[in-house]
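Number 220 in numbering that gives the first Met the number 0 belongs to position 221 of the sequence shown; there are no gaps in the numbering.
To start, the structure under review is shown below, and the notes come after it.
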Amino acid sequence: MPKVIAIDGPSGAGKSSVSRIVGEKLGFLHVDSGALYRIMTWLCLKNGVDVSDQAAIAAFAASAAIESRPVAGHIAFFVDGEEPGDRIRTPEISANASKVATVKEVRDAVTALLRSLVSFGDLIVEGRDITTAVFPDTPAKFYLTASAEARARRRRIQDAEKGIADRSQEAVKEALLARDKLDSTRRYAPLRKADGVFEIDSSDLTLDETVAAVLEKARSLLAPSASRGDS
Ligand code: DC
0 MPKVIAIDGP SGAGKSSVSR IVGEKLGFLH VDSGALYRIM TWLCLKNGVD
50 VSDQAAIAAF AASAAIESRP VAGHIAFFVD GEEPGDRIRT PEISANASKV
100 ATVKEVRDAV TALLRSLVSF GDLIVEGRDI TTAVFPDTPA KFYLTASAEA
150 RARRRRIQDA EKGIADRSQE AVKEALLARD KLDSTRRYAP LRKADGVFEI
200 DSSDLTLDET VAAVLEKARS LLAPSASRGD S
């Protein structure tokens with residue numbers, strides 16, 4: 000049975016960087032579930048679907064074809080044979096993805112796709128509902144968080160690296176808080192701390208320290224003798 004490490008937390012908490020490195024060290028394929036909600040959003044916008052119309056999004060979700068396969072240590076997603084790349088990483092997609100992610104049909108399609116990925120092997124999956132809804136039964140469940148200030152600071156650095164137009168730290172923080180609110184108050188599979196998760200606040204930790212904490216805990220939780228729910 001393939002093993003799964005599930006990591007949830009608000010945007011900008013460092014889930015992607017941490018999951019990528021932990022996955023590399025353990026030989027687990029990294030899965031960025033947010034990319035799927037971003038792809039759904041990108042497809043809606045590209046096809047003229049009104050992202051404030053839930054019924055239109057639900058109808059569109061049924062026809063969206065996303066392929067997935069392992070590429071260099073992670074699961075890559077393809078639309079019409081192409082990886083969307085940075086086209087799904089713009090502030091416009093970020094702002095609209097929280098809305099698209101509220102639609103039940105979208106969540107059901109993404110959840111089914113994520114669960115099917117165990118056929119490729121051991122996974123480290125990060126997102127907002129991985130510990131609560133997608134893989135609630137895995138013993139290795141983490142909640143990675145950080146203060147809004149730390150998250151805004153990191154997000155701004157990432158934006159600059161991608162050459163995305165500069166926004167003030169305050170503007171980035173406000174956008175993050177708006178997304179946190181949508182992600183944690185939506186009706187279906189909201190972001191919340193599941194019972195039995197191991198929580199890490201990375202506000203004052205370096206990336207290396209956060210990776211070390213996740214690695215140590217994941218190894219003990221996934222060890223054959225580890226008892227379920229041990230945290
Ligand atoms: O992690 P991210 O910023 O790439 O996520 C994009 C959006 O998708 C964000 O608004 C939260 C949503 N999301 C979700 O609802 N459930 C997940 N498992 C992952 C992301």
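The beta-carbon is built from N, C-alpha and C at its ideal position, and this holds for glycine as well.
None of the values given here were measured: they were computed from a predicted structure.
In the displayed model, R68 falls within a strand according to three-state DSSP. Looking at the backbone, the Cα of D79 and that of T184 are separated by about 33 Å. Here T209 carries a helix assignment [DSSP, helix/strand/coil].
A straight-line Cα-Cα distance of about 23 Å links I156 and I38.
Boundaries of the alpha helix (DSSP H) harbouring K98: 90–99, taken from the DSSP string. Non-local beta-carbon contacts of N46 in its own chain, meaning distances under 8 Å to residues more than five positions away in sequence, involve F59 in chain order. If you check the C-beta of G84 against the ligand DC, you find no heavy atom less than 7 Å away. Annotated three-state conformation of I87 is helix, per DSSP.
Taken from the Cβ of S93, at least one heavy atom of the ligand DC lies inside 7 Å. Take V105, set aside five residues on each side of it, and the residues of its chain with a beta-carbon closer than 8 Å to its own are Y36, M39, I56, A57, A60, V99, in chain order. If the five residues before and after R19 are omitted, its C-beta is found closer than 6 Å to the C-beta atoms of H29, all from its own chain and listed in chain order.
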